[in-house]
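Sequences listed follow chains A and B, in order.
Numbering-wise (the numbering used here), the first sequence opens with residue 1 and increments by one.
Numbering-wise (the numbering used here), the second sequence opens with residue 1 and increments by one.
Note that the Cβ used here is the ideal one computed from N, Cα and C, for glycine as well.
See below for the structure under consideration.
Number of protein chains: 2
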Amino acid sequence: MSSEGSRGKRSTASATRAAATPARVRTIKEIAAIANVSVATVSRALQRPEVVNETTRLRIQEVVKRVGYTPNALARNLRTARTRLIVALLPDIANPFFSEVIRGIEQVAHESGYSVLLGETQSSLVREQAYADMVAARQADGIITMSHRVPKIPMPGRLPVVNACEYVKDKQISSVYVDNVAAAGAAVDYLVMLGHRQIAFVAGPPSSPICVDREKGYRLALQRAKLAVDPALMVSGDFSIEAGERAVELLLSQGQSFSAVFCSNDEMAIGAMRALSSHGLRVPEDVSVVGFDDIRFARYTSPALTTVAQPKNALGREAMAMLIELLADPEVPPRKRVLSADLVVRGSTAPPSPRKRK
Amino acid sequence: MSSEGSRGKRSTASATRAAATPARVRTIKEIAAIANVSVATVSRALQRPEVVNETTRLRIQEVVKRVGYTPNALARNLRTARTRLIVALLPDIANPFFSEVIRGIEQVAHESGYSVLLGETQSSLVREQAYADMVAARQADGIITMSHRVPKIPMPGRLPVVNACEYVKDKQISSVYVDNVAAAGAAVDYLVMLGHRQIAFVAGPPSSPICVDREKGYRLALQRAKLAVDPALMVSGDFSIEAGERAVELLLSQGQSFSAVFCSNDEMAIGAMRALSSHGLRVPEDVSVVGFDDIRFARYTSPALTTVAQPKNALGREAMAMLIELLADPEVPPRKRVLSADLVVRGSTAPPSPRKRK
DNA sequence: CGCCATCATGTAATCGAATACATCGCATGC
DNA sequence: GCATGCGATGTATTCGATTACATGATGGCG
Numbered sequence: 001m002s003s004e005g006s007r008g009k010r011s012t013a014s015a016t017r018a019a020a021t022p023a024r025v026r027t028i029k030e031i032a033a034i035a036n037v038s039v040a041t042v043s044r045a046l047q048r049p050e051v052v053n054e055t056t057r058l059r060i061q062e063v064v065k066r067v068g069y070t071p072n073a074l075a076r077n078l079r080t081a082r083t084r085l086i087v088a089l090l091p092d093i094a095n096p097f098f099s100e101v102i103r104g105i106e107q108v109a110h111e112s113g114y115s116v117l118l119g120e121t122q123s124s125l126v127r128e129q130a131y132a133d134m135v136a137a138r139q140a141d142g143i144i145t146m147s148h149r150v151p152k153i154p155m156p157g158r159l160p161v162v163n164a165c166e167y168v169k170d171k172q173i174s175s176v177y178v179d180n181v182a183a184a185g186a187a188v189d190y191l192v193m194l195g196h197r198q199i200a201f202v203a204g205p206p207s208s209p210i211c212v213d214r215e216k217g218y219r220l221a222l223q224r225a226k227l228a229v230d231p232a233l234m235v236s237g238d239f240s241i242e243a244g245e246r247a248v249e250l251l252l253s254q255g256q257s258f259s260a261v262f263c264s265n266d267e268m269a270i271g272a273m274r275a276l277s278s279h280g281l282r283v284p285e286d287v288s289v290v291g292f293d294d295i296r297f298a299r300y301t302s303p304a305l306t307t308v309a310q311p312k313n314a315l316g317r318e319a320m321a322m323l324i325e326l327l328a329d330p331e332v333p334p335r336k337r338v339l340s341a342d343l344v345v346r347g348s349t350a351p352p353s354p355r356k357r358k
Numbered sequence: 001m002s003s004e005g006s007r008g009k010r011s012t013a014s015a016t017r018a019a020a021t022p023a024r025v026r027t028i029k030e031i032a033a034i035a036n037v038s039v040a041t042v043s044r045a046l047q048r049p050e051v052v053n054e055t056t057r058l059r060i061q062e063v064v065k066r067v068g069y070t071p072n073a074l075a076r077n078l079r080t081a082r083t084r085l086i087v088a089l090l091p092d093i094a095n096p097f098f099s100e101v102i103r104g105i106e107q108v109a110h111e112s113g114y115s116v117l118l119g120e121t122q123s124s125l126v127r128e129q130a131y132a133d134m135v136a137a138r139q140a141d142g143i144i145t146m147s148h149r150v151p152k153i154p155m156p157g158r159l160p161v162v163n164a165c166e167y168v169k170d171k172q173i174s175s176v177y178v179d180n181v182a183a184a185g186a187a188v189d190y191l192v193m194l195g196h197r198q199i200a201f202v203a204g205p206p207s208s209p210i211c212v213d214r215e216k217g218y219r220l221a222l223q224r225a226k227l228a229v230d231p232a233l234m235v236s237g238d239f240s241i242e243a244g245e246r247a248v249e250l251l252l253s254q255g256q257s258f259s260a261v262f263c264s265n266d267e268m269a270i271g272a273m274r275a276l277s278s279h280g281l282r283v284p285e286d287v288s289v290v291g292f293d294d295i296r297f298a299r300y301t302s303p304a305l306t307t308v309a310q311p312k313n314a315l316g317r318e319a320m321a322m323l324i325e326l327l328a329d330p331e332v333p334p335r336k337r338v339l340s341a342d343l344v345v346r347g348s349t350a351p352p353s354p355r356k357r358k
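Spelled out as structure tokens, the structure:
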């Protein structure tokens with residue numbers, strides 16, 4: 001069926017600048033017929049232009065452009081068993097922290113001819129798995145996941161998965177993340193250096209290893225300063241602004257005394273600042289606040305937020321580089337790459353005021 | 001080649017709970033061989049279970065689960081000519097406005113068995129086009145674009161494209177967006193009602209029709225109030241926080257007199273507030289600020305931002321519903337669906353202070 | 001002059017699943 | 001007892017590209 005008919009044979013010269021051929025979905029066969037060559041030649045003209053005779057190539061390219069042909073990627077990918085597509089899984093696109101990581105991923109991806117598709121998982125295992133299945137189903141070559149779970153993909157050997165921002169215990173999975181223990185410790189060290197003695201901590205979800213690390217950093221820093229770790233000053237939240245608000249509300253309602261709060265991410269810190277000010281407490285005069293991540297909004301809160309800046313772009317770039325390496329050679333040994341994060345001091349921190357609060 | 005060999009024949013009963021068969025990539029042929037049926041039966045057992053005999057079906061399903069078989073989606077999609085995948089293009093994932101729109105899109109998509117992949121375009125035509133080509137290349141069924149451009153896709157008839165949040169002139173493209181003229185007008189009406197007479201306007205990129213509309217709403221509201229439209233009070237920006245900052249800096253450095261600023265989006269409003277306060281002007285006592293979008297952070301600025309709330313979730317839901325409708329029946333007439341946006345009054349607006357400023 | 005390398009191109013197999021059509025067995029009706 | 005229909009399954013084609021291998025033309029060289 002589908003015999004080109006009408007056109008075909010000797011069309012190339014005549015119709016070059018004729019009215020645009022009505023846009024249609026074309027196949028390589030049609031292009032071959034119009035250009036009077038075989039499908040193999042068309043394919044070669046598009047894939048490895050250097051092996052086809054120049055005039056033939058130009059003729060084919062002209063036809064392709066004129067009739068508007070886009071090769072069917074499904075057929076091509078089926079045959080070649082690669083898609084040049086990778087999926088980046090992020091828990092929450094509303095979290096500005098990930099934006100820049102994504103940007104880093106995309107930069108490196110494009111340099112190597114990969115496209116990036118984003119999947120929002122809302123931390124749901126089901127949805128993580130659904131996107132991961134795209135790899136099993138051969139719709140994508142690999143995955144960068146920004147959660148602390150590795151989806152199951154039935155495959156031989158190494159999974160084409162790289163973990164970014166978080167990390168998993170599985171030694172086989174390459175990860176890029178920051179030294180959360182050290183970074184959190186540095187933040188608390190700074191508060192201690194300012195003179196704070198009662199430092200509250202708003203933790204993230206305990207299911208996430210990096211949150212455990214941030215808490216560990218907090219504890220170690222207190223120990224270094226010979227300060228007691230007071231469980232009553234430790235609350236946990238789910239990374240949302242509201243959670244930060246609730247955490248501080250809780251501390252205040254319990255009548256806890258503290259002159260600084262260290263939060264496991266910036267959004268909770270923003271919530272914390274809000275709760276403080278709605279209780280008439282000034283930041284940083286009455287209470288200092290430190291966040292983690294350095295999201296874009298952190299410098300626009302008032303006062304601007306002191307926070308631990310993760311190298312977001314580098315995290316993304318490095319993750320993608322690792323994935324590309326892995327896709328090129330499944331034998332490369334897995335690595336855990338640890339970057340460093342630096343404290344950025346802004347206006348939300350100051351020495352504690354002499355008069356004891358509350 | 002590839003004769004299953006070893007196993008095959010009569011394995012089903014014996015190995016049911018044997019040690020997991022080493023994970024490998026399977027094909028429908030292998031499954032058929034292991035289950036002792038034809039590929040057609042395996043395919044049917046998976047696609048239309050009701051047409052295969054129950055015992056056969058159970059046997060096949062058991063094998064599928066045991067050896068870990070995921071059908072090759074490329075092959076399937078190639079054959080069936082549909083992917084059940086749609087791509088949502090957004091200019092900037094860092095912009096929290098889009099997050100909720102995406103969420104609406106995903107909700108409806110999943111209800112109808114579609115998966116959503118996100119493509120960040122950074123407003124680059126090239127990148128928009130690259131993602132759009134996925135449709136031409138049959139890797140996705142349709143596109144929801146949140147920019148004011150419609151990518152070119154060589155296809156017969158209606159393009160499987162829906163426009164959300166923005167809109168394009170092209171009558172053939174369905175769109176969902178809010179009545180920006182009315183919404184901007186309502187915001188300015190409110191400022192007028194509070195007593196403001198000198199209202200500055202920070203516009204968005206003039207290339208975007210919705211920005212033109214917001215400006216039109218501003219002008220009309222001023223006219224309704226018999227106030228002059230003063231070009232000196234109108235500045236434009238690119239939707240970033242920094243742009244809002246720069247816009248207000250400019251007005252102040254020019255010595256312009258105004259008691260309120262209406263910004264085309266929340267991020268510019270946040271920038272505006274920052275510029276005002278860094279010049280010692282209090283919001284709202286000295287200058288009132290109104291934004292547009294109602295992003296999540298809008299209620300956490302201090303003071304909380306008065307803004308025009310777009311029905312973000314509904315925009316997403318409606319866009320996806322339209323796309324699904326369109327994919328099911330390319331004949332449905334295109335529609336421009338206009339939702340309404342409501343002013344949310346928070347703390348950044350107040351009547352102008354009696355003493356003239358500057 | 002004939003052999004062979006080289007270049008350009010064509011033919012046909014292939015990727016893995018879906019499915020139209022064919023086949024087979026068996027029960028039902030006349 | 002035989003035609004009919006139906007349910008269950010198998011055979012073989014198809015989707016649209018890539019690519020190994022075959023073929024044919026050309027030219028250089030001994």
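- Taking the beta carbon of B:E106 as reference, the chain A residues within 8 Å of it are E120, listed in sequence order.
- B:V39 places its beta carbon less than 8 Å from that of B:A32.
- A:V248 has a beta carbon lying at 8 Å or more from every beta carbon in chain B.
- The criterion of a C-beta distance shorter than 8 Å is not satisfied by A:D293 and A:N313.
- Residues of chain B whose Cβ lies closer than 7 Å to the Cβ of A:D133 are, in chain order, T70.
- Relative to the Cα of B:F262, the nearest Cα in the group B:Y300, B:V308 and B:A94 belongs to B:V308.
- When Cβ-Cβ separations below 8 Å define contact, A:A75 makes contact with chain B.
- At least one C-beta of chain B is nearer than 8 Å to the C-beta of A:M155.
- Selection B:D179, B:H196, B:A182 and B:H148 evaluated against B:K169 yields B:H148 as nearest (Cα-Cα).
- If the five residues before and after A:Y69 are omitted, its C-beta is found closer than 6 Å to the C-beta atoms of R26 and I31, all from its own chain and listed in chain order.
- Closest by C-alpha distance to B:V135, out of B:G347, B:P160 and B:R337, is B:P160.
- Interface annotation for the segment 274–297 of chain A against chain B: R274, S277, R296 and F297, criterion Cβ-Cβ distance under 7 Å.
- Within the same chain, and ignoring the five residues on either side of A:K29 in sequence, the residues whose Cβ sits closer than 7 Å to its Cβ are V39.
- Proximity of B:A272 to chain A, defined by a Cβ-Cβ separation below 8 Å, is not satisfied.
- Between A:I144 and A:G316, the alpha-carbon positions lie close to 9 Å from each other.
- In this structure, A:V181 sits near A:K216, with a CB-CB distance shorter than 8 Å.
- When DSSP states are grouped into helix, strand and coil, B:Y190 belongs to the helix group.
- Here the alpha carbons of A:L252 and B:R282 stand approximately 28 Å from one another.
- Taking 8 Å as the CB threshold, B:L194 stays off the interface with chain A.
- Using a CB distance cut-off of 8 Å, A:P96 counts as an interface residue toward chain B.
- Around the Cβ of B:M273, a 10 Å sphere holds 16 or more other Cβ atoms; the residue is buried.
- In the DSSP assignment, A:E128 falls within the unbroken alpha helix (DSSP H) covering L125 to A136.
- At a cut-off of 8 Å, the C-beta of A:V25 has a neighbouring C-beta in chain B.
- Only residues of its own chain outside the window of five on either side were considered, and among them S174 have a CB closer than 6 Å to the CB of B:R335, listed in chain order.
- Non-local beta-carbon contacts of B:A73 in its own chain, meaning distances under 6 Å to residues more than five positions away in sequence, are absent.
- Between B:A304 and B:G347, the beta carbon gap of about 5 Å places them in contact (Cβ cut-off 8 Å).
- Sorting B:V150, B:M268 and B:Q139 by C-alpha distance to the C-alpha of B:L125 places B:V150 at the top.
- Fewer than three pairs of CB atoms, one per stretch, sit closer than 8 Å, so the segment 80–93 of chain A makes no contact with the segment 53–65 of chain A.
- Under the three-state reduction of DSSP output, A:G119 falls in the strand class.
- With the criterion set as a beta carbon lying under 8 Å from some beta carbon of chain B, the members of the segment 138–153 of chain A are R138 and Q139, in sequence order.
- Nearest to A:V87 by C-alpha distance, out of A:P71, A:F97 and A:E106, is A:E106.
- Of the candidates B:L233, B:V108 and B:R24, the residue whose Cα lies closest to the Cα of B:E325 is B:V108.
- At least one CB atom of chain A sits nearer than 8 Å to the CB of B:I102.
- B:G280 has its alpha-carbon roughly 14 Å from the corresponding atom of B:S288.
- Residue environment: A:R224 is assigned as exposed (fewer than 16 neighbouring CB atoms within 10 Å of its CB, all protein chains considered).
- A direct Cα-Cα distance of roughly 16 Å separates B:L222 from B:V235.
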